[in-house]
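Report on one structure; see the data block that follows.
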Amino acid sequence: MQRRPGFPARLPGSTPSASSVPARPAPLVQAARQAVAAPPVGLGLDSAAVRARMVQKLAAGGITSPAVLQAMGAVERHRFVDSALVNQAYEDTSLPIGLGQTISKPSVVARMCELLLGAEGARAGGLGRVLEIGTGCGYQAAVLSLLAREVYTLERLRGLHDRARDNLRPFRLANVHLLFGDGMLGYAKGAPYAAIIAAAGGDAVPQAWCDQLAVGGRLVAPMALSGGQQMLLVIDKTPHGLKQNVLEPVHFVPLKSGIA
Ligand code: SAH
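Going by this note's numbering, the first residue of the sequence shown is number -1, and it counts up by one from there.
Following this line, the structure appears as structure tokens:
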């Protein structure tokens, strides 16, 4: 038979019996438990620890380059997303950055950067000049700035170009050059590039990118292959011509022509 609760009725767990739980936790301990369970807000001084966990996961997921892991651990991704999304900044997920665009997942940024470092021309003295198509919020440009001598980054949407400038200002990265323009045309003034990296996917590799790539340079870009599936593409420019490799499926925003 079920016993009726006495009055006042006890809420389940509100008054644990002395036998099941030794003692009610002290208020401070309770507060600490809540802090661990609650989503982080503000991400102040502890963001280094959250990033370190993200880096551990990247390494567990197969990223091996110490330079890439270090760069991913150094750049404060939470400064590039809307304040309402700050507590998701170190999850392996893409997030909206406005104007229908997204910041790429950390694992994809790390993967593409690692591929760039594998360029023939990068083996001896590291990465020289890099061209990024699709600045977006500027996050990947900041990561690249720690891996390459110079970073030229193009964005076709004025609103995002301006936002990236605002986001990057506090970092004072002297080797990042923010450019407003159609990335499908590349940026001939900075060519030849040791590497070109696209953060938006089209149906074909624009000729300008291949032309502006240095011999020994590498292009990493998402590309829709026949059937429409977007795949990560690596093109190496060798003294004998272009060598193409198709890697894993990816999901990037579309590469569009013109500016807006
Ligand atoms: N690397 C970015 C990812 C941004 S998403 C980051 O870290 O946030 C891809 C970006 O590519 C979008 O901002 C989109 O506007 C831009 N894009 C698409 N087509 C482009 C083109 N032809 N030239 C320059 N940027 C382009």
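Cβ coordinates follow ideal geometry from the N, Cα and C atoms, glycine included.
**OP:** Rounded to whole angstroms, what's the CA-CA distance from residue 84 to residue 95? Just pull it up for me.
**Re:** 12 Å
**OP:** Report whether the distance from the Cβ of residue 163 to the nearest heavy atom of the ligand SAH is below 7 Å.
**Re:** no
**OP:** May I ask you to report which of helix, strand or coil DSSP gives residue 239?
**Re:** strand
Original post:
Which same chain residues, not among the five before or five after residue 48, have their C-beta less than 6 Å away from its C-beta?
Top reply: 88
Original post:
According to DSSP, which residues form a beta bridge with residue 150?
Top reply: 129, 175
Subject >> Cutoff 8 Å; reference residue 256; Cβ partners in own chain excluding five residues on either side >> reply: 154, 180
Original post:
Taking 7 Å as the cut-off, is the CB of residue 157 close to at least one heavy atom of the ligand SAH?
Top reply: no
Original post:
Out of 148, 163, 167, 75, which has the shortest C-alpha to C-alpha gap to residue 108?
Top reply: 75
**OP:** Select from 97, 104, 51 the residue whose C-alpha is nearest the C-alpha of residue 91.
**Re:** 104
**OP:** In angstroms with no decimal places, state the Cα-to-Cα distance between residue 229 and residue 170.
**Re:** 34 Å
Original post:
In angstroms, rounded to a whole number, what distance separates the CA positions of residue 186 and residue 139?
Top reply: 19 Å
Subject >> Three-way DSSP call (helix, strand, coil) for residue 22 in this model >> reply: Annotation note: pLDDT 38 at residue 22 (below 50); position unreliable, no value reported.
Subject >> Residue from 156, 113, 137, 44 whose Cα sits closest to the Cα of residue 174 >> reply: 137
Subject >> Anticipated Cβ contact below 8 Å, residue 161 with residue 148, distance rounded >> reply: About 22 Å separates the two Cβ atoms, so there is no contact after all.
Subject >> Selected residue, minimal CA-CA separation from residue 247, among 236, 253, 226, 254 >> reply: 226
Subject >> Backbone CA spacing between residue 253 and residue 236 [nearest angstrom] >> reply: 26 Å
Subject >> Beta-carbon spacing of residue 100, residue 251 below 8 Å >> reply: yes
Original post:
So residue 137 is in the alpha helix (DSSP H); what residue range does that whole segment cover?
Top reply: 137 to 143
Subject >> Where the alpha helix (DSSP H) through residue 115 begins and ends >> reply: 104 to 115
Subject >> CB contact flag (residue 113, residue 232, <8 Å) >> reply: yes
Original post:
Between residue 214 and residue 72, is the Cβ-Cβ spacing less than 8 Å?
Top reply: no
**OP:** Return yes when at least one heavy atom of the ligand SAH lies under 7 Å from the C-beta of residue 132, else no.
**Re:** yes
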